[in-house]
Every structure is written in C-alpha cells, then in structure tokens.
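Taking it in order: structure first as structure tokens, then the write-up.
2 protein chains.
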Amino acid sequence: MTHARRTGATPLYLDCDTGVDDSLALAYLLASPETDLVGVGTVSGNIGARQGATNTLDLLALAGRGDVPVAVGAHDPLAGTFGGGPAHIHGHNGVGDVALPPSGLEPVAESAVDLLLRLSHEHAGELRVVAVGPLTNLAMALRQDPTLPGRVADVTIMGGAALHPGNVSPVAEANIANDPEAAAAVLSADWDVTLVPLDVTMRDVLEETDRKALLEAGTALAPWLGEVLDLYLGFYVETFGRRCCALHDPLAAALAVGGVRPAVAPRVHVTVDDSRGPGRGQTICDLRGLHAGYPDQPGARCRVVLETDAPLAPHLMERLLTL
Amino acid sequence: MTHARRTGATPLYLDCDTGVDDSLALAYLLASPETDLVGVGTVSGNIGARQGATNTLDLLALAGRGDVPVAVGAHDPLAGTFGGGPAHIHGHNGVGDVALPPSGLEPVAESAVDLLLRLSHEHAGELRVVAVGPLTNLAMALRQDPTLPGRVADVTIMGGAALHPGNVSPVAEANIANDPEAAAAVLSADWDVTLVPLDVTMRDVLEETDRKALLEAGTALAPWLGEVLDLYLGFYVETFGRRCCALHDPLAAALAVGGVRPAVAPRVHVTVDDSRGPGRGQTICDLRGLHAGYPDQPGARCRVVLETDAPLAPHLMERLLTL
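Heads up: the protein sequence lines correspond to chains L and R, in order.
Reminder that position 150 of the first sequence reads as 576 in my numbering, one-by-one numbering, no gaps.
Reminder that position 302 of the second sequence reads as 728 in my numbering, one-by-one numbering, no gaps.
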C-alpha cells in the first residue's frame, strides 16, 4: 500500500508505545491537515513493542489509514530488559483492555530504526520526528547512522519533568526512566529538540464529558477511542480526584503540528541522569534563569516547554471527532 | 560570661556559616523574644568555619550579646575538602568585605559538635536546632551520639530545592551540595525536620530601600548589617534585575521562631542525592501529591515548606531595626 502525499503537509514519523494516550496522539495526527504521517515505529513502554504495533495497525485501519507503514522497534531498553507495561494504566493490551477490531494488517518487515533512517532519506531536511515513548529506537538510529540529525527538521519528545514532580519516581517521568541511556543519547545529539514534559502535559486534561462525546460521535474511530479511555480515566481519579486524564502524547503531537504553540519554552541545557543514583531517569533542565524570565542559554539545542498558548483539550476534541 | 535565660523562651542552637544572610538570621534570632539563643556552631560554607566564628562573635558583640557561646565546627565536609567560599557573593571575609569592629572575643574551646551535644542535654526535649549552612556538624553529632534526636525538639534547615531550580547546579542548592553525605544523614535521622528550600527563600526578597533603612537606623548593629548587605545586593542584580536579595537563612530562623508560619508544607519523603551523578546534592522531595493538594506521606518526618503565610521582609526589618 502507498499513501498519496498531501500537498504542502509536513512529513512526520511517529515513534510510540501505543498506549492509551499514544492512541489519541496517533488519531490527532491522522486528523491534522498540516501533517502527513509517513511512518510509525513502536517501542516497548506502555506495552511491548510488538503489541504496540498491533494496536497501532488496528487504530489506523479503523481510521481508514492502513496505508501508513508501521515498524516494530526495540523490545528492550539499551541497558536492561523491558519489565512489562503498567497494566493498571494502559490495560493488559495497551489499549485499556478494549478488544479493537483486528485490522488483519502486519507491521512492515524492516525495523523501526530502518524505517526511520529510510524516511529520513526520502524526506531529507523535512522529516519531523515525534517520539512519545522511551527513546530506544531513536538512540539506536543515531548509533547506526550518526548523520541522521542532518536530515531531520526537528524532534518533539513527550518526556521528562522539569520543575514538576516525576510520575515513576519523585523526579523521573516514565518515558525517560524506561531508557535513560537512550534519552541521554537523543538529547545530546545535534538536532533541535522540543521537550514536552509533565510540567505542561499534566495541565491539559480531558474530561469524562469529552470521553462521552467520543463515544457518541457516530464516526468510525472516535467511539473506539472513547472505549479505550475508560480505564485510563479511572486511573487518574487517584491523581486528580475525578475521572479525567492527562494528555501527554497528544500534546507533543499538537506542539509538533502547530495546533498548540509553546508560550514559555526556553532553550536550555538538559542532562539526563543515567546514573544508578536516586535521580536516575530525571531530565535535569537548567532553569536557573527562572527569575530572569528564562533567557535562552547559548549553545542549547533543547527547548523545554513550560507553558502553552492554549489548552489542548478543545482543539484535540475538535479533530478527534472528525475520525 | 553567662546569659540569663529568658523566661518562657525556647532554647535555640544555631549552626551557620556566617555569611551575609547568616548575619541577618543571627540578628533576627537575637531580636526575637520568643527564643533564647543558647549557642552557635560554625561550619565551612559561605566562608571557612574559623572565619565564620570570628564574624559571628563580632556581630554578637555589636548586639551586646558576647555572652552567647560560639564554637568552631567542621572545616571540611564529610567527603572531600572545603573549596573556599563564594567571595563574589559573601566577600572574601564572609561579611561582604566589610571590616566589622573586632570583638576581641574567642570561640569556646569545645567543638561545635560538643557544644550541640552538651546543649541537647542541658535543654533536653526543648532544644530547637536551626541549621543554615552545610550539615556537617549535625551529621558528626549524630555519628558521635545517635541518641541526639531524642533530646531535640525539632530541626529547621535552610537548604535544598524542591520544585525550584538549584543555585549551584540546575538541581542542587549550596548548603546541601557542599556536603550531600551529611545532608543524607541528617535528613534520614529520627527527628522532625522542617526543610526551607529555595522554593520559598527565593520569593522573600529584601530591597535596597530596606538596606538603606538599616544604614540609617542609628542603632548599634543594624547599620553594620546594612554595610554587610552591599555586596550581596549587588550579586543578586544578575538574578532579579535589581538590587535586592533572597532571604535564605533569616526565613529558616523566622519559621523556627514562628515569626512566619508555613502555609503549604507537606510531610514527604526526602532523599538526598549523594551519588556522583549529575543530580549530586539535590534534595529529592516526593511531591507527586501536587495535584491532590500535597497530602502528608505516612512515615515521613520532613516537612518541606513550599509556601509561607506572609512575606518575611517587613517582619524581619521590624526586628532588625531594634538592634
């Protein structure tokens, strides 16, 4: 299958661990005319890489987009082994224990690394990368071909916590903590990165009323997203005191596409703690410029999003309801 | 010299590295009727421990309180050696390069550790400890006598950064970073600790107009404090864009005395990063309860002050102007 490229749309590669909020990010990208999803790679995180690919294909098929190539990526992080995803958050199958209609589609034969490298040549200088899972595939691609950054327009990463507490340790966020060595490699590579940390993703929440609207959309994909969100909104009751959820991955997608824009996003030096100390997995962002309005730091390539110009949920819902 | 104990006042031991803001904390305590300063120990930090003791004695003498025993404490941190204080912040002598009138007084013969342990017996169950420098002396006292916490009412520590950037690294604050091993020992000991981190001390600033008011006080000590503050306010222009300064140490003193009260101060688990990784010196405070209003964590002994009930500067100035 091939997909006719949309005129003027930016080619975008999505690396993900589908995943409930990954599902929303994927759907948002499919519904976004500004961008052309040219490939998806999966990685273990919310669920194993293979199951993540199956989930992605099922969702793509529901959206009538089985033409998008999906490649299975790394099962294990650079150091250590994948410990299994958090079933109480994303379900035992990654999509909230919902049985999506099986697409019957298969992942492409090439690995996620090979797919990314191939797409970076096909769309050299234009390809936008959005990574919303652990950064293993990106780190392996950099290792395999250190010239990759020269062909990528930019990288948007959902991950980390700057001045906000972590979610898997007091200071570490799950995507980074699942593979700190990979994150360290990706964040020190020679490309422009936009980091979308918990500081912003914990603010933009989707409410139970939004989920109900998805259920009642009468379209092909949206009602399934409403089903997939059920378990996830239940998990967040402990955090927010009501049924709602953070919008981690779709916020990164929306920032990459331009549907939401960064309002406070200083370019600062970011170090990933890949030690074995208590801070392992932390994204140490140098935000000491706080009291001076966060001036950009000379030589810094990573933009850390601390505020956005608008809440994501209304914009996201508008697009999801079209699918 | 002996000092007649004030009736009803709480006995308080101050551990400090005098230091410009230490000078303000010391003066504030002397001006506070709620408390009785029964001893001071010094430690290397803003300046070497010996010079810190000289500065402390000079200030005490100016306030007519040469009766307060001052003991020299640790010159070096538990691991490594003291690297010298930041002369651009506290001056080459710790008190902003101001030549205070020499008191002619000498520190007591006993060490800061021995002074603290002795006072903890003399005021068993009542002694309040305020530590506004590196925590070396307190850690050494715990090592020498592990029963110390049982005789101490509570410990208030200026140090660390919770959700605020650090000041000597992106995540580490100077007092903790100067001796992470000591901080780890003190924060895991069996006593009630109130941690006063940069999150609150960077909010309460003293303005140049306040400094001028001190200069013109016409009292014995306050004009000298105004002189001592000159260099310090100059340093903070880079941070705040104007001549003013953070009130790190006096805020800890005011919280210990009750002149300012904690407004948001959850009891949470705190781990000091004493690894050799990039987070070394960080106070990792488990503030994952942020979105639930920071419920206290079972078993946690450390209260992390994130908000106070009132700005410190007006209250501090009122007291300093009496000396």
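Ideal placement from N, C-alpha and C gives every residue a C-beta, glycine not left out.
Here the structure is a predicted model, which means the values were calculated and not measured.
Helix, strand or coil at residue i [DSSP, three-state]
i	result
Pro596 of chain R	coil
Ile710 of chain L	strand
Val696 of chain L	strand
Gly576 of chain R	helix
Tyr439 of chain R	strand
Pro740 of chain R	helix
Ala718 of chain L	helix
Leu463 of chain R	strand
Arg632 of chain R	According to the sequence as given, residue 632 of chain R is Leu; it is not Arg. Three-state DSSP puts Leu632 of chain R in a strand.
Pro676 of chain L	helix
Thr403 of chain L	The structure shown does not extend to residue 403 of chain L, since chain L is modelled only from 427 through 749, so no value can be given for it.
Ala587 of chain L	coil
Thr428 of chain R	Its pLDDT being 43, under 50, Thr428 of chain R is placed unreliably by the model, and the measurement read from it follows with that caveat. Reduced to three states, the DSSP call for Thr428 of chain R is coil.
Thr480 of chain L	helix
Val498 of chain L	strand
Val683 of chain R	helix
Thr748 of chain L	coil
Gly434 of chain L	coil
C-beta contact flag for residue i and residue j at 8 Å
i	j	result
Pro704 of chain R	Ile602 of chain L	no
Ala680 of chain R	Tyr454 of chain R	yes
Ala497 of chain R	Ser470 of chain R	no
Glu599 of chain L	Ala611 of chain L	no
His514 of chain L	Asn472 of chain L	no
Leu655 of chain L	Val466 of chain L	no
Asp441 of chain L	Asn604 of chain L	no
Val619 of chain R	Arg729 of chain R	yes
Ser499 of chain L	Val464 of chain L	In the sequence as displayed, the identity of residue 499 of chain L is Gly instead of Ser. No.
Val690 of chain R	Glu733 of chain R	yes
Cys670 of chain L	Val696 of chain L	no
Thr468 of chain R	Thr444 of chain R	yes
Leu553 of chain R	Arg569 of chain R	no
Gly520 of chain R	Gly478 of chain R	yes
Ser614 of chain R	Ser701 of chain L	no
Leu486 of chain R	Leu526 of chain R	no
Ala678 of chain L	Val558 of chain L	yes
Leu749 of chain R	Ala646 of chain R	yes
Asp580 of chain L	Trp617 of chain L	yes
Pro606 of chain R	Val698 of chain R	yes
Val694 of chain L	Ala718 of chain L	no
Ala609 of chain L	Leu574 of chain L	no
Pro692 of chain L	Tyr720 of chain L	yes
Leu621 of chain R	Gly585 of chain R	yes
DSSP beta-bridge partners of residue i
i	result
Thr620 of chain R	R:Thr582, R:Arg729
Leu651 of chain R	Leu651 of chain R is not bridged to any residue.
Arg544 of chain L	Looking at the DSSP assignment, Arg544 of chain L forms no beta bridge with any residue, so it has no partner.
Ala367 of chain R	Nothing can be reported for residue 367 of chain R, as the shown portion of chain R is limited to 427 through 749.
Thr468 of chain R	R:Cys442, R:Val498
Ala557 of chain R	R:Asp441, R:Ile583
Thr734 of chain R	R:Pro688
Evaluate the contact criterion for the segment 497 to 505 of chain L versus the segment 625 to 638 of chain L: three or more CB pairs, one atom per stretch, below 8 Å. no
Would you call the segment 585 to 596 of chain R in contact with the segment 524 to 535 of chain R, where contact means no fewer than 3 C-beta pairs closer than 8 Å? no
Quick one: which residues of the segment 658 to 682 of chain L get their C-beta closer than 7 Å to a C-beta of chain R? List them in chain order. Thr665, Phe666, Gly667
Chain R contacts made by the segment 727 to 741 of chain L, where a contact means CB separation under 8 Å: none
Determine which residues of the segment 598 to 629 of chain L have a Cβ less than 9 Å from any Cβ of chain R, and write them out in chain order. Met628
Is it the case that the segment 448 to 462 of chain L contacts the segment 733 to 746 of chain L, given that we only count it when at least three CB pairs across the two stretches are under 8 Å? yes
Determine which residues of the segment 704 to 717 of chain L have a Cβ less than 9 Å from any Cβ of chain R, and write them out in chain order. Pro704, Gly705, Arg706, Gln708, Ile710, Cys711, Asp712, Leu713, Arg714, Gly715, Leu716, His717
Could you please tell me which residues of the segment 544 to 568 of chain L, in chain order, have their CB closer than 9 Å to any CB of chain R? none
Any residues in the segment 578 to 592 of chain L with a beta carbon nearer than 8 Å to a beta carbon of chain R? Which ones, in chain order? Leu589, His590, Pro591, Gly592
Taking any Cβ of chain R, which residues in the segment 688 to 701 of chain L have a Cβ under 7 Å from it, in chain order? Thr697, Asp699, Ser701
What residues in the segment 471 to 503 of chain R bring their beta carbon closer than 9 Å to a beta carbon of chain L? none
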